[in-house]
Every structure is written in structure tokens, then in C-alpha cells.
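Just so you know, the sequences run in chain order A and B. Plus 1320 on top of the position in the first sequence (first one is 1) and you've got the working numbering. Plus 474 on top of the position in the second sequence (first one is 1) and you've got the working numbering. Every residue gets a Cβ at the ideal spot worked out from N, C-alpha and C, and that includes glycine. It should be emphasised that the depicted structure is a prediction, and the values quoted were computed from it without experimental measurement.
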Amino acid sequence: MNPQEQWIAFSTIVVKEVRRFTRIWLQTLLPPAITIVLYFVIFGTLIGPRIGEMSGFSYIEFVVPGLIMMSVITNSYSNVVSSFYGTKFQRSVEELLVSPVPSYIILLGYVIGGVCRGLIVGLIVTVLSLFFTDLQVNNIPVTVAIVFLTAVLFALAGFINAVFANSFDDISIIPTFVLTPLTYLGGVFYSINMLPEFWQGLSMANPILYMVNTFRYGLLGITDINVAWAFCMVIGFCVALFAFSIYLLDRGEKLRS
Amino acid sequence: MTPALSIRNLHKVYDSGFVALKGLDLEVQPGDFFALLGPNGAGKSTTIGVICSLVKKTSGDVSIFGTDIDKDFSLAKKDIGVVPQEFNFNQFDKVYDIVKTQGGYFGLPPKLAGQRAEKYLKKLGLWDKRNQISRTLSGGMKRRLMIARALVHEPKLLILDEPTAGVDIEIRRSMWQFLKEINENGTTIILTTHYLEEAENLCRNVAIIDRGLIVQNSSTKALLRKLSKEVFILDAQEELTELPQMGGYKGQLIDSHSFEVEIEKHQSINELFASLSEQGIHVVSMRNKTNRLEELFVSLVASHNTGTHTQANADAESRQGEV
């Protein structure tokens, strides 16, 4: 395929993905908005004032960046894992496999579809947070870059999960038993400086901690970790997962018999 | 002339250890309407899977219009449209979107993909269903949808795996007419089917595959000439109490107005009618007891299974170039 045809194929996949999650907005866009509003109400308005300040900010101001990031992570991951596994389950993935679309275009199409959903949900959550607190942006490039890279990273992870999944159970195991615990323990609701030294050290092994803190740095200017190192790590993960995904697609892992 | 499809020594061993293809050789000429026949598990779908990249071959060479799939599969795929046996479209998408999206995967600009989707949905009688969710279509409509989808990029080679399975007679015949039209317009068609009548009516050349090997490969006419005998059912105007005298013909009475007759290749049917006329029996209708190709198919597969028939690719010389 020439570059123009590749662009058409890429945009076709992205449009199809965006059409899919907007068509079922009651399942994809509304639930995270309601969940996050509940977080804002409970942790921000009801419990937050009793907790007091966290790193020099009110508790609601502290948790908003973490909750936005949590929405982006969850939705970019779940969009790709459910959509790509759905195409495997219905065998409509064969439409792509019999076409001349190169592997990297297939991957990019699904990843950008996941990124779109992650960012749209992130935007919805951000707008909703304005009903509970004022948002400031300390560093726009850092904020935009980290939220985009995080969405890419988890869309890639969702793609790999979908490739290996053999059943609908398999696409919920990683989000339930890995992603959710790592997110909750990734500094969304607290600063790791509050933890004993051992747990601080252990938390540093959690990649989500770096993304949440970098995003919080972008908005509030505070962080528990080194932002430059966080970017290196996220980019490194993105490159590694992209390469692994291409390897799986080229091999036809669980796609071609 | 560069063949539309060339397969040389194709082997496929699945991870389970099942050997699906054992060195299959096949060539299909441009413009042909070609049938690939075989019993369940013979290797038809595996062969098609390899051609369109859904199955990874173990070894062997496959070329589409001269393009080796190992060297440039992307280029080869542009020339192929495939209609699989199972429904494999998103059941929640609209009919029009499914066809147009497939055009996008082949690099057609959105406007052109939309025009092609309209053209083929109209030709296949699905235009008024274009905004319907695909899972709500009937089985026949779903099959036609897959044909429209396979044609949206106007491939030079169309491969149909059991395209009329579960389709009623009226729709089947309209699909045959449509396939004949696109073949006449230059599209090479390869068809697998269980309806041997379909192969006999549509296809100029036939290959029979069994246990991963081609056991017969010739023109449909040449293949039918190999029939050593045919069994006909004759309906008489008069009531029959016993089987009429038929000279050297074997037969048996079916009911009070019908009887069947075996006619050997060397026998003339005129003598039979002359004999019946002498007895005052008027034949009002006559038909083949079974599909002729079906008889041949059964005998070929049976002989291969008993080891009396080796791979008969050499029979390709009997092909009469009726492309």
C-alpha cells in the first residue's frame, strides 16, 4: 500500500473505533463520568475536608489529577481490549487480516481509537471536576504529553491483552487484578511521602505512580518522583509494547492458525 | 499467461499435529470459474485460508497473479476478495458501514468506497437494507453482504467458500446469475461448494481435493465424460405392473408409473426408447437419478480412500483450456 492508501486504512480504523464507542456511549462514556462524580463527592466534598491539606493543596485539588488520570488509564485500556477482542470473537478481525493493511497501521488504528476514548473521558472528568474545585495548569506541555503518552501506553497494553485473550474472562482479569490495584496504589489518593520507607520503595516500582505524579506536576506543580525519569520510563514502555504488539501481529499470534 | 493462482507443493501441519495439506499443487488460469470440491476436512478451507493469509502455511509456494505471497503479500492481497464460510462481520454494524469500511481497508478513498458499497449492495439486492444492523439480516442476506464486501475493492480473484450454504433456491439461483456476470466481466472465481449441481452449472474447471491432495483436476466437461454410467428415472404415462423389457439395459421398477434405468457409456439411449415404444410405453419425463458430478465425486473420493487412486494432477492435461 502506498502512504496515501495507508492513511486511508488508518483513518478508516480510527473512525470505526470512535463510531463504536460513541454509539454505545451509555456503556463507554457515561459510567466513568458517574463513577468519578461519586469520587469527587465522597473523597473531595464529604471526606476531603476532614483530611485537610495534602502536599500544600486541599484534598479535592490533590485527588482531581489522579482521578482524571485513572479515567484515562482505565478507558484507553478497556476500549482497545474489548474492541479488539470483540473483533476476534466475532471473527471480523479477518476483514483486516485479508486486507493489505500493514500490521503497524492496524495497531496504530486501534491504539489511537483507545487514546480517543481515554482522552474524551478524561476531558469529561476534567469538566465535571470544575463543579467541585478550581483547576490550575502549572505546565501545559507536561500535562498534555503525559496524558497522551499514558493513553498510548495503556491502549497498547489493552491490545496485547486482547491478542492473548481466549474468553471474555481473560479481558477482565488484567483490569481487575492488576490495573485497578496498581492505579489505587499509584498515588491517586495519597502522596507516597505519607508511607513508611519500605512501602515508599515498593511504590516506586509501580509505573502508574510515575504517570499520576507527572500529570499532577503538570497541573499542580507538585510531584513525588522525578518527572524527566517518568517520561523516559513511559516512552520506553510505549516503544517496548509497540514492538511486542507488532511482533504478535506479524506472527499472527492467536489470529492466524 | 501468468496464472491467477499458482500453488506448488503446499504443506500445512496444524499445531495439533493434524496434517491438512500434503504437498498440494494447483493452478487456476485468469478468467476461470473454478470449483474446488472435496469432503469435509479434505483441506479446502485450509487452502483458501493460506491463499488469503488466515492460515500460516508450513511450506510451499503460493502466487497470486505472479506475486509470491512470501515476497509481497500486501500486493497479492489487493487482487483477492474472499467470501468465507462463516459469517465474519461485526454483527452490530450497519450493512452499508461494513462494506464501506472494507473499502477503506483496501485504501479506497471514502467517496469511492461509498460509491462501490452502493453499487454492490444494489447489485446484490441489499440497498434497501443498508441502514439495518447486520445481525438482523436473514442468512441469505448475510451471505450476499459478504459477497458485496468481498467485491468492494473489485478484486481480480474472488474466492467463495460455500457461498450458497443455507440459502434458499431462489436466492441461490440469483447468486449464480450474479457470479456468472462478474466472471464474464473478467473476474476469476474459485468456488468451494457442497452443492455439486452448483459446480456443474457454474464452473468450467474442477479440482477434487481429498486428505490434503488434489485427486482430480480437469475441465468439468472432461470430468463428466469419465462417468462410465448414468442412472435415469423415467416416468411412464401407462400404469406399470412390472419392469418393462429393456434388452441390455439394467433397471428396476420404482412405483406404478416410474422405473430407473442404468445406461452404460457405450449404450445408446435411442435403443431404449425404441424398445419401450414397441411395448406401448410412453415416457412422459426423464431425469438423472443423482447429480452427475456427485456420482463421479463419490467414486473418485472412494477410490482415493481405498488407495487405488494416486494424486491425479497429471490429469491436468485433460483440461481443455475452456477458460
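### Query
Buried or exposed: which applies to G663 of chain B, given that a residue is buried once 16 or more other Cβ atoms fall within 10 Å of its Cβ?
The question names Gly, but residue 663 of chain B in the sequence shown is Ile. Counting Cβ neighbours within 10 Å, I663 of chain B comes out buried, since at least 16 surround it.
### Task
Report buried or exposed for Y488 of chain B, applying the criterion of at least 16 other Cβ atoms within 10 angstroms of its Cβ.
exposed
### Proximity test, Cβ basis, 8 Å: F580 of chain B and chain A
yes
### Task
Look at the alpha carbon of A550 of chain B and the alpha carbon of I538 of chain B, and state the distance between them as a whole number of angstroms.
6 Å
### Task
Can you check the stretch 622-694 of chain B for any alpha helix (DSSP H) of at least 4 residues that lies completely inside it and give the ranges in chain order?
643-658 and 670-676
### Task
May I have the straight-line CA-CA distance separating G512 of chain B from S751 of chain B, to the nearest angstrom?
42 Å
### Query
What does Q1456 of chain A reach in chain B if we use C-beta pairs closer than 9 Å?
Here the premise fails: no neighbours, minimum Cβ distance about 42 Å.
#### Entry: Residue of B:R604, B:L598, B:H627 and B:N605 minimising C-alpha distance to R617 of chain B
B:L598
### Task
Tell me whether the beta-carbon of F771 of chain B lies closer than 8 Å to the beta-carbon of I682 of chain B.
yes
### Task
Would you mind working out which of B:G523, B:Q559, B:A516 and B:N762 sits nearest T638 of chain B, comparing C-alpha positions?
B:Q559
#### Entry: Identity of the residues DSSP links to M760 of chain B by a beta bridge
B:L708
### Message
At the level of alpha carbons, what is the spacing between V536 of chain B and T476 of chain B?
### Response
13 Å
### Query
Listing by chain order, which chain B residues have their CB less than 8 Å from the CB of I1328 of chain A?
G578, G581, L582, P583 and P584
### Message
Against E560 of chain B, what residues of chain A qualify as contacts under a CB-to-CB distance less than 8 Å, listed in chain order?
### Response
R1411
### DSSP state of S792 of chain B mapped onto helix, strand, coil
Here the model assigns S792 of chain B a pLDDT of 40, short of 50, so the residue's position is not dependable, and the following value carries that caveat. S792 of chain B falls in the helix class under three-state DSSP.
### Task
Go ahead and pull the three-state DSSP assignment for S1375 of chain A.
coil
### Query
Residues in its own chain within less than 6 Å of F1557 of chain A by CB, not counting five upstream and five downstream?
L1473
### Query
If you scan the stretch 544-579 of chain B from start to end, which runs of the alpha helix (DSSP H) of 4 or more residues do you find wholly inside it?
569-579
### Message
Do G581 of chain B and I1425 of chain A have their beta-carbon atoms positioned less than 8 Å apart in this structure?
### Response
no
### Message
Suppose contacts are defined by Cβ-Cβ distances below 8 Å. Is S1577 of chain A in contact with V529 of chain B by that definition?
### Response
yes
### Message
With H, G and I counted as helix, E and B as strand and the rest as coil, what does DSSP make of G725 of chain B?
### Response
strand
### Residue-chain proximity (S1577 of chain A, chain B), Cβ-Cβ < 8 Å
yes
### Query
By a C-beta neighbour count over all protein chains shown, 10 Å radius and 16 as the cutoff for buried, is Q503 of chain B buried or exposed?
buried
### Query
Residues of chain A with a CB under 9 Å from the CB of V487 of chain B: which are they?
Ordered by position in chain A, no residue passes the 9 Å Cβ test against V487 of chain B, which lies about 11 Å from the chain.
### Query
Helix, strand or coil for S537 of chain B per DSSP?
strand
### Query
Can you name the residues that DSSP bridges to E738 of chain B?
B:K703
### Message
Our contact map puts V1441 of chain A next to T1534 of chain A with C-beta atoms below 8 Å; I'd like the distance itself, whole angstroms only.
### Response
The pair is not a contact, with the Cβ atoms about 19 Å apart (cut-off 8 Å).
### Task
Quickly, what does DSSP pair K439 of chain B with across the bridge? List them, please.
In the structure as shown, chain B begins at 475 and stops at 797. Residue 439 of chain B is therefore absent and cannot be evaluated.
### Task
Using the Cα positions of L500 of chain B and Y1530 of chain A, report the straight-line distance between them to the nearest angstrom.
58 Å
### Query
Relative to the alpha-carbon of R678 of chain B, which residue among B:L665, B:G614 and B:D542 has its alpha-carbon at the smallest distance?
B:L665
### Task
Using a threshold of 8 Å, state whether the C-beta atoms of Y723 of chain B and Q711 of chain B are closer than that.
no
### Task
Could you tell me whether any Cβ in chain A is nearer than 8 Å to the Cβ of S519 of chain B?
no
#### Entry: 8 Å Cβ shell around D709 of chain B - same chain, five flanking residues per side excluded
H731, S732, V757, V758, S759 and M760
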